[in-house]
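Participant: Note that the working numbering has the sequence shown beginning at 83, numbered continuously upward.
Where is the CB? At the ideal position from N, CA and C, for every residue including glycine.
Predicted model, so just to flag it, every value in this text is computed and none were measured.
Encoded as structure tokens, here's the structure I'll be asking about.
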Amino acid sequence: MTTRRHRRLILTGSITGAVLVALDGTVLTIAQPTLQRDLHASFVQVQWTSTGYLIAVASLLVFAGRLGDRYGHQRLFALGILGFAATSVGIGLAPGIGWVIGLRVAQGICGALLQPATLGMLRATYPEDQLGMPIALRTSAIGLSAAAGPVLGGALVAHLGWRAVFFLTVLPALVTGALALVVRVPDGRGPAVRVPAIRLPAGGVPAAAPAPRRVPAAAAPDPSLAARLDLLGACLLAVALLCLVHTLVALPESGWTAVTGAGAVTAVAAFGAFLRQERRTASPLVPLGFLGSPPVAAALAVLLSASAALFGTLFVGTYFLQDVLALDPLQSALRVLPLAVMMVLSAPAAAVLQRRHGARRTTVTAMTLLTLGILLLSLLDRSSAALAIGAAFLLLGAGFGTVMVTATAVIVHQASADHAGVAGGLQQTAMNIGPTLGVALATMLMTLTAPTAAGKAPSVGGLHGTADLHGTADAFTSAMGSTLPALACVAALGALAAGALPHRSKTTGEPQPPTTPAGYGQQPSAVTTAAESE
Numbered sequence: 083m084t085t086r087r088h089r090r091l092i093l094t095g096s097i098t099g100a101v102l103v104a105l106d107g108t109v110l111t112i113a114q115p116t117l118q119r120d121l122h123a124s125f126v127q128v129q130w131t132s133t134g135y136l137i138a139v140a141s142l143l144v145f146a147g148r149l150g151d152r153y154g155h156q157r158l159f160a161l162g163i164l165g166f167a168a169t170s171v172g173i174g175l176a177p178g179i180g181w182v183i184g185l186r187v188a189q190g191i192c193g194a195l196l197q198p199a200t201l202g203m204l205r206a207t208y209p210e211d212q213l214g215m216p217i218a219l220r221t222s223a224i225g226l227s228a229a230a231g232p233v234l235g236g237a238l239v240a241h242l243g244w245r246a247v248f249f250l251t252v253l254p255a256l257v258t259g260a261l262a263l264v265v266r267v268p269d270g271r272g273p274a275v276r277v278p279a280i281r282l283p284a285g286g287v288p289a290a291a292p293a294p295r296r297v298p299a300a301a302a303p304d305p306s307l308a309a310r311l312d313l314l315g316a317c318l319l320a321v322a323l324l325c326l327v328h329t330l331v332a333l334p335e336s337g338w339t340a341v342t343g344a345g346a347v348t349a350v351a352a353f354g355a356f357l358r359q360e361r362r363t364a365s366p367l368v369p370l371g372f373l374g375s376p377p378v379a380a381a382l383a384v385l386l387s388a389s390a391a392l393f394g395t396l397f398v399g400t401y402f403l404q405d406v407l408a409l410d411p412l413q414s415a416l417r418v419l420p421l422a423v424m425m426v427l428s429a430p431a432a433a434v435l436q437r438r439h440g441a442r443r444t445t446v447t448a449m450t451l452l453t454l455g456i457l458l459l460s461l462l463d464r465s466s467a468a469l470a471i472g473a474a475f476l477l478l479g480a481g482f483g484t485v486m487v488t489a490t491a492v493i494v495h496q497a498s499a500d501h502a503g504v505a506g507g508l509q510q511t512a513m514n515i516g517p518t519l520g521v522a523l524a525t526m527l528m529t530l531t532a533p534t535a536a537g538k539a540p541s542v543g544g545l546h547g548t549a550d551l552h553g554t555a556d557a558f559t560s561a562m563g564s565t566l567p568a569l570a571c572v573a574a575l576g577a578l579a580a581g582a583l584p585h586r587s588k589t590t591g592e593p594q595p596p597t598t599p600a601g602y603g604q605q606p607s608a609v610t611t612a613a614e615s616e
């Protein structure tokens with residue numbers, strides 16, 4: 083198999099896996115009301131079809147990435163996508179809501195195996211200076227699926243029922259998984275040849291160069307490999323993320339109770355124990371030198387703040403469109419369409435801009451656009467025209483689509499090929515926790531300010547409570563006017579964090595090479611010659 087065909091196959095698989103996960107989430111949202119009626123489920127039970135998946139995937143992403151680094155991203159990708167297809171079939175045939183929730187948790191485990199591998203395969207396949215465009219194409223495909231998901235899901239639910247949306251992804255997942263198992267491609271760490279520099283002896287006659295030594299592409303499995311996996315660190319991190327996500331999901335609904343308080347304390351304690359474990363173990367799950375690298379920490383902070391600000395804004399904006407402007411779901415989707423369109427268009431443009439101007443300048447500009455879009459939405463009211471609404475969502479899409487490419491590229495670039503899965507797991511973790519944090523923050527702010535605007539006593543009620551606050555459009559608009567600027571501040575913090583990203587080299591005009599911390603991920607180059615300029 084040629085290198086070009088190999089790269090195309092990996093890129094196709096990576097895009098397909100990312101799209102299937104994104105499409106599954108969007109069509110499920112459309113199907114949930116019908117699912118609730120058909121299975122005679124409560125609202126809380128239906129919410130757990132999303133919450134159970136989110137908790138499972140968020141708590142296992144980093145460990146799944148580490149497994150991919152050890153056992154091969156292609157193998158983990160195949161296992162994850164085939165499991166995703168199998169659980170989708172099970173959900174489509176489920177007789178009750180309990181089965182749906184349980185299978186969604188299992189699907190979250192499969193998604194955790196799948197998602198880091200989509201980035202790990204790209205990092206192991208493409209040279210560092212060519213990673214920008216594959217990541218951009220992957221981001222564009224995710225944006226396209228976000229735009230098509232509600233329309234496709236709505237059509238399937240209307241004509242075939244809610245079960246049809248889960249069968250939607252089965253065939254492409256099976257085909258992609260089968261190809262990943264059958265087609266054997268290099269792992270990106272092919273034969274390495276070290277050619278020593280030729281030195282001239284005193285007599286001036288060049289000495290014969292030693293014969294090249296070929297390093298095997300894949301060494302035999304180490305029987306002690308499993309023992310060297312940081313299982314304790316993986317468990318501690320999973321507990322920390324599980325408690326964090328559960329607290330963020332439950333907080334808007336119930337407020338600060340003994341349960342949510344205990345969850346927050348447990349999350350902090352488990353994360354502290356995780357950091358201590360990573361410092362002491364000889365084979366850490368996440369090398370602290372990588373996690374503490376300023377570019378990586380900044381890129382994760384940017385992704386966290388951008389996704390929190392965007393999804394919190396979308397949460398509020400959806401209610402504004404449907405409850406204040408009285409638009410139906412299709413009309414609301416058309417108002418939001420500029421966001422998805424700009425995500426598709428801005429992603430490849432971001433790869434070019436990052437190459438020309440560097441990650442720092444490109445990301446700061448993108449976060450500024452995201453902040454301006456949120457502020458523009460905060461100025462809307464019942465008299466706002468469709469053009470103003472579309473312009474706000476256009477800014478959101480342009481900013482977020484660009485950030486997705488630039489921050490992800492920084493994280494992947496900073497990781498060695500042997501730690502690409504961990505890098506992908508960290509990126510996906512930020513992208514899963516950020517929206518949960520943003521929706522929780524938006525819900526609490528709307529709950530606390532909307533009743534005050536209506537002249538009522540503050541209360542906490544999550545989604546139900548927020549819906550109850552919409553007695554007057556003016557009360558909701560007033561609350562939106564204070565909630566969205568707070569989310570804009572979250573985006574602005576991300577713009578400040580972007581100042582620590584790498585900038586363009588002043589001498590070559592190209593982005594600066596990754597700054598790998600000492601002792602982390604250092605691998606001998608495949609070819610070492612005396613003439614480094616070649």
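Of all the alpha helix (DSSP H) runs that stay within the bounds of the region 491-537, which reach a length of 4 or more residues?
Facilitator: Runs found: 502-535.
Participant: Using the three-state DSSP reduction, which class does H222 fall into: helix, strand or coil?
Facilitator: In the sequence under discussion, the amino acid at residue 222 is Ser, which differs from the His named in the question. Looking at S222 - three-state DSSP - the assignment turns out to be helix.
Participant: A441: which of L476, S465, L454 and V485 sits nearest, CA to CA?
Facilitator: Comparing Cα-Cα distances from A441 to each of L476, S465, L454 and V485, the minimum goes to V485.
Participant: Would you mind stating whether I137 and L253 have Cβ atoms separated by less than 9 Å?
Facilitator: Their beta carbons are not under 9 Å apart, which means I137 does not touch L253 by this criterion.
Participant: Excluding sequence positions up to five away, which residues of its chain have a Cβ less than 7 Å from the Cβ of A113?
Facilitator: Closer than 7 Å at the Cβ level, and outside the excluded window around A113, lie G235, V239, W244 and V247.
Participant: Should the region 573-580 be called in touch with the region 445-465, which here means at least 3 C-beta pairs below 8 Å?
Facilitator: The answer is yes - the region 445-465 touches the region 573-580, with three or more Cβ pairs under 8 Å.
Participant: Quick one: is V487 near chain C, going by C-beta distance under 9 Å?
Facilitator: Within the model displayed, chain C is absent; a lone protein chain is all it includes.
Participant: Would you mind working out which of S227, A561 and G503 sits nearest L149, comparing C-alpha positions?
Facilitator: The shortest C-alpha separation from L149 is found at G503.
Participant: Going by DSSP, what residue range makes up the alpha helix (DSSP H) through S170?
Facilitator: Its alpha helix (DSSP H) spans residues H155 to G174.
Participant: For a quick check, are the C-beta atoms of L105 and L250 less than 9 Å apart?
Facilitator: In this structure, L250 lies closer than 9 Å to L105 by Cβ.
Participant: Taking the alpha carbon of H155 as the point to measure from, which residue in A168, R205 and V264 has its own alpha carbon closest?
Facilitator: Cα-wise, what sits closest to H155 is R205.
Participant: Mind checking T342: buried by the 16 CB within 10 Å criterion, or exposed?
Facilitator: Buried.
Participant: Assuming Q189 and F166 form a contact by the criterion Cβ under 8 Å, report the distance between their Cβ atoms to the nearest whole angstrom.
Facilitator: That belief holds up - the Cβ atoms of Q189 and F166 are roughly 6 Å apart, short of 8 Å.
Participant: Quick one: is I280 buried, meaning 16 or more other Cβ sit within 10 Å of its Cβ, or exposed?
Facilitator: Residue placement at I280 is poorly supported in this model, since its pLDDT is 42, which falls under 50; the coordinates still yield a value, given next. Exposed, because fewer than 16 other Cβ atoms sit within 10 Å of the Cβ of I280.
Participant: Hey, quick one: how far does the alpha helix (DSSP H) through R358 stretch, first residue to last?
Facilitator: First-last of the alpha helix (DSSP H) with R358: A340 to R362.
Participant: Between I217 and A491, how many whole angstroms is the CB-CB distance? I'm expecting something under 8 Å.
Facilitator: Yes, I217 and A491 are in contact; Cβ-Cβ is about 5 Å, under 8 Å.
Participant: For A290, is the classification buried or exposed, using 16 other Cβ atoms within 10 angstroms of its Cβ as the cut-off for buried?
Facilitator: Residue placement at A290 is flagged as unreliable, the pLDDT there being 47, under the threshold of 50; a coordinate-derived value is accordingly withheld.
Participant: Is S428 helix, strand or coil when you go by DSSP?
Facilitator: S428: helix per DSSP, three-state reduction.
Participant: Can the beta-carbon of A352 be found closer than 9 Å to that of V331?
Facilitator: No, they are not a contact pair.
Participant: If you follow the alpha helix (DSSP H) that Q197 is part of, which residue opens it and which one closes it?
Facilitator: Taken as a continuous stretch (DSSP letters only), the alpha helix (DSSP H) holding Q197 covers I179 to T207.
Participant: Tell me which residue opens and which closes the alpha helix (DSSP H) that F402 is part of.
Facilitator: Where F402 is concerned, there is no enclosing alpha helix (DSSP H), given that its DSSP letter is neither H nor E.
Participant: Is DSSP giving S365 helix, strand or coil here?
Facilitator: Correct three-state label for S365: coil.
Participant: By Cβ distance, which residues of its chain are closer than 6 Å to T531, with the 5 residues on each side in sequence left out?
Facilitator: Excluding sequence neighbours, T531 sits near A561 and S564.
Participant: What did DSSP end up calling W244 once you bin it into helix, strand or coil?
Facilitator: If DSSP states are grouped into helix, strand and coil, W244 belongs with coil.
Participant: Can you give the Cα-Cα distance for L333 and L478, rounded to whole angstroms?
Facilitator: Looking at the two C-alpha atoms, the distance is approximately 26 Å.
Participant: Look at the Cβ atom of A316, then the Cβ atom of L357, and state whether they are nearer than 9 Å.
Facilitator: In this structure, L357 does not lie closer than 9 Å to A316 by Cβ.
Participant: Quick one: give me the first and last residue of the alpha helix (DSSP H) that D106 is part of.
Facilitator: Taken as a continuous stretch (DSSP letters only), the alpha helix (DSSP H) holding D106 covers T85 to D120.
Participant: Determine, using beta-carbon pairs with one atom in the region 139-147 and one in the region 504-511, whether at least three such pairs fall under 8 Å.
Facilitator: The region 139-147, when compared against the region 504-511, does touch it at the 8 Å Cβ threshold.
Participant: Restricting to Cα atoms, I'd like to know which of H241, I515, Q496 and I456 is closest to T133.
Facilitator: Comparing Cα-Cα distances from T133 to each of H241, I515, Q496 and I456, the minimum goes to I515.
Participant: Report all residues from its chain with a CB closer than 7 Å to the CB of Q510; omit the five preceding and five following residues, and keep chain order.
Facilitator: For Q510, where only same-chain residues beyond five positions count, the Cβ hits under 7 Å are L143, Q197 and P198.
Participant: Buried or exposed for S124, going by 16 or more other Cβ atoms inside 10 Å?
Facilitator: Classification of S124: exposed, given that the 10 Å Cβ count is below 16.
Participant: Would you say P517 and S389 are within 9 Å of each other, going by their C-beta atoms?
Facilitator: Their beta carbons are under 9 Å apart, which means P517 touches S389 by this criterion.
Participant: Ordered along the chain, which non-local residues of its own chain (more than five positions away) have a Cβ less than 6 Å from that of R310?
Facilitator: Taken in chain order, the residues that qualify are S365.
Participant: Mind reading off the beta-carbon distance from V487 to A429? Whole number of angstroms is fine, and I expect it under 8 Å.
Facilitator: Indeed they touch by this definition, with Cβ atoms about 5 Å apart.
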